[in-house]
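>
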Ligand SMILES: [Cu+2]
């Protein structure tokens with residue numbers, strides 16, 4: 001079960017990395033804003049699914065933490081793009097992220113109980129790790145506006161924190 | 001008689017001040033940009049640590065298995081330090097946020 005999950009996750013990762021590679025000839029600030037915002041939306045949707053599906057307090061509480069933080073980051077992102085008069089621009093990376101998230105959501109929708117909890121948390125660890133890598137290697141170095149760069153740096157700390165939080169929850173579930 | 005009285009009173013004061021902490025302080029730690037600042041503080045037993053959360057995110061100051069202070073957005077919360085020693089705490093929501101309190105007796 002876990003093995004299959006890992007394989008699927010591995011596939012998801014590749015897909016997104018391909019998206020990032022396409023955009024790697026430096027995404028512009030409007031695309032970067034779109035990617036960061038999309039990553040937030042994906043985690044918010046996953047959290048909503050977990051809050052609805054899971055019956056485990058530990059997991060539901062974690063999902064609520066994700067929902068609260070990512071809504072706060074995305075609100076900051078919206079305020080910033082408005083202030084900078086930048087219109088977030090859709091791009092292959094955002095599309096790959098969204099596509100992978102839809103596949104994950106459909107997969108999770110077929111699970112319940114402990115199987116759902118486990119799959120959700122494992123994906124949270126993997127997803128946050130993947131976004132951390134994207135922020136560190138592509139998004140932050142490519143951002144030209146200093147305020148956008150600074151927001152992405154805060155975003156990176158949040159995502160890294162969530163990754164560790166998810167790892168702790170995974171350890172507690174065993 | 002009078003002198004005796006005075007020395008008695010002085011004695012009582014001396015006793016009181018040796019028992020109660022001389023001047024309990026409040027040490028402020030600001031929470032901003034996903035970090036505790038300063039990350040490391042020194043306190044004495046009886047001092048209060050006050051965390052002021054200036055982030056748009058909720059945080060905690062947590063010592064695993066011992067205590068937890070919730071730090072909602074825009075709020076302050078505090079804790080009186082009762083034991084000497086070194087205390088490492090972290091944010092339960094973002095375990096990459098770490099702080100330390102060194103408590104002298
Ligand atoms: Cu925190």
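Protein chains in written order, with full-length UniProt numbering: chain R, 1 to 174; chain D, 1 to 105.
Glycine included, each C-beta is placed from N, C-alpha and C at the ideal position.
In or out: residue 31 (chain R) buried (at least 16 other Cβ within 10 Å) or exposed?
In the first chain, counting from the first residue as 1, residue 31 (chain R) sits at position 31. Burial call: buried.
> Less than 7 Å separating the beta-carbons of residue 78 (chain D) and residue 45 (chain D)?
Residue numbering aside, residue 78 (chain D) sits at position 78 when the second chain is read from its first letter. Residue numbering aside, residue 45 (chain D) sits at position 45 when the second chain is read from its first letter. No, the Cβ-Cβ distance between residue 78 (chain D) and residue 45 (chain D) is not below 7 Å.
> Look up residue 71 (chain D) in the DSSP assignment and say whether it is helix, strand or coil.
Residue 71 (chain D) sits at position 71 when you count from the first residue of the second chain. Looking at residue 71 (chain D) - three-state DSSP - the assignment turns out to be strand.
> On the DSSP bridge assignment, give the partners of residue 50 (chain D) in chain order.
Here residue 50 (chain D) is taken as the residue at index 50 of the second chain, counted from 1. DSSP output for residue 50 (chain D) lists D:28, D:78 as bridge partner(s).
> If contact means a Cβ-Cβ distance below 8 Å, which residues of the region 151-172 of chain R contact chain D?
Going along the region 151-172 of chain R in chain order, one finds 154, 157, 158, 160, 161, 162, 164, 165, 168 with a Cβ nearer than 8 Å to chain D.
> Helix, strand or coil for residue 128 (chain R) per DSSP?
Start at 1 with the first residue of the first chain, and residue 128 (chain R) comes out as number 128. Looking at residue 128 (chain R) - three-state DSSP - the assignment turns out to be helix.
> Indicate, with yes or no, if ligand 1 has a heavy atom lying under 6 Å from the CB of residue 36 (chain D).
Translated into positions along the second chain, residue 36 (chain D) becomes position 36. Residue 36 (chain D) Cβ: outside cutoff for every heavy atom of ligand 1.
> Whole angstroms are fine: how far does the CA of residue 95 (chain R) sit from the CA of residue 22 (chain R)?
In the first chain, the residue the question calls residue 22 (chain R) occupies position 22. In the first chain, the residue the question calls residue 95 (chain R) occupies position 95. Residue confidence is low: residue 22 (chain R) scores 49 on pLDDT, short of 50, so the model does not pin down where it sits. Its coordinate-derived value is still stated next. The alpha-carbon atoms of residue 22 (chain R) and residue 95 (chain R) are separated by roughly 12 Å.
> Output needed in chain order: residues of the region 54-66 of chain R with a Cβ under 8 Å from some Cβ in chain D.
Within the region 54-66 of chain R, the residues whose Cβ lies closer than 8 Å to some Cβ of chain D are 65, listed in chain order.
> In or out: residue 86 (chain D) buried (at least 16 other Cβ within 10 Å) or exposed?
In the second chain, the residue the question calls residue 86 (chain D) occupies position 86. Residue 86 (chain D) should be labelled exposed.
> Just the Cα atoms here: how many angstroms apart are residue 37 (chain D) and residue 28 (chain D)?
The sequence position of residue 37 (chain D) within the second chain is 37, counting from 1. The sequence position of residue 28 (chain D) within the second chain is 28, counting from 1. C-alpha separation (whole angstroms): 9 Å.
> What residues in the region 43-61 of chain D bring their beta carbon closer than 8 Å to a beta carbon of chain R?
Listed by position along the chain: 56, 57, 58.
> Determine the closest residue to residue 121 (chain R) out of R:69, R:58, R:39, with distance taken between C-alpha atoms.
Stepping through the first chain from its first residue, residue 121 (chain R) is reached at position 121. Comparing Cα positions, the closest option is R:58.
> Can you name the residues that DSSP bridges to residue 86 (chain D)?
On the second chain, residue 86 (chain D) is found 86 positions in, with the first residue counted as 1. Its beta-bridge partners are D:102.
> Counting contacts by CB-CB distance shorter than 7 Å, is residue 108 (chain D) in contact with chain R?
Outside the shown range of chain D (1 to 105) lies residue 108 (chain D), about which nothing can therefore be said.
> Just verifying my parser: in three-state terms, what is the DSSP assignment at residue 159 (chain R)?
What you label residue 159 (chain R) is simply residue 159 of the first chain in a count that begins at 1. Here residue 159 (chain R) sits in helix by DSSP.
> Using DSSP bridges, identify the partner residues of residue 59 (chain D).
Taking the second chain and counting its residues from 1, the one referred to as residue 59 (chain D) is at position 59. In DSSP, residue 59 (chain D) forms a bridge with D:71.
> For ligand 1, which residues have a Cβ under 5 Å from at least one heavy atom, in chain order?
For ligand 1, the selected residues are D:59, D:91, D:93, D:94, D:97.
> Can you tell me where the beta strand (DSSP E) holding residue 108 (chain D) begins and where it ends?
No statement about residue 108 (chain D) is possible, as the shown extent of chain D runs from 1 to 105 and does not include it.
> According to the neighbour-count rule (16 or more other Cβ atoms, all chains shown, within 10 Å of its Cβ), is residue 104 (chain R) buried or exposed?
The residue labelled residue 104 (chain R) in the question sits at position 104 within the first chain. Buried, by the Cβ-count rule.
> Please confirm if residue 72 (chain R) has its CB atom under 7 Å from at least one CB of chain D.
As a position in the first chain, residue 72 (chain R) is number 72, starting the count at 1. Interface residue, yes.
> Going along the chain, which residues of its own chain have a beta-carbon closer than 6 Å to the beta-carbon of residue 66 (chain D), five neighbours each way excluded?
Sequence index remark: in the second chain, residue 66 (chain D) carries index 66 (1-based). Excluding sequence neighbours, residue 66 (chain D) sits near nothing in its chain.
> Quick one: what's residue 41 (chain D) bridged to in DSSP?
Position 41 of the second chain, counted from the first residue, corresponds to residue 41 (chain D). The partner list for residue 41 (chain D) (beta bridge, DSSP) reads D:101.
> Taking 8 Å as the limit between beta carbons, can you name the residues of its chain near residue 156 (chain R), skipping five residues before and five after?
For this step, residue 156 (chain R) is matched to residue 156 along the first chain. The residues are 132, 135, 136, 140.
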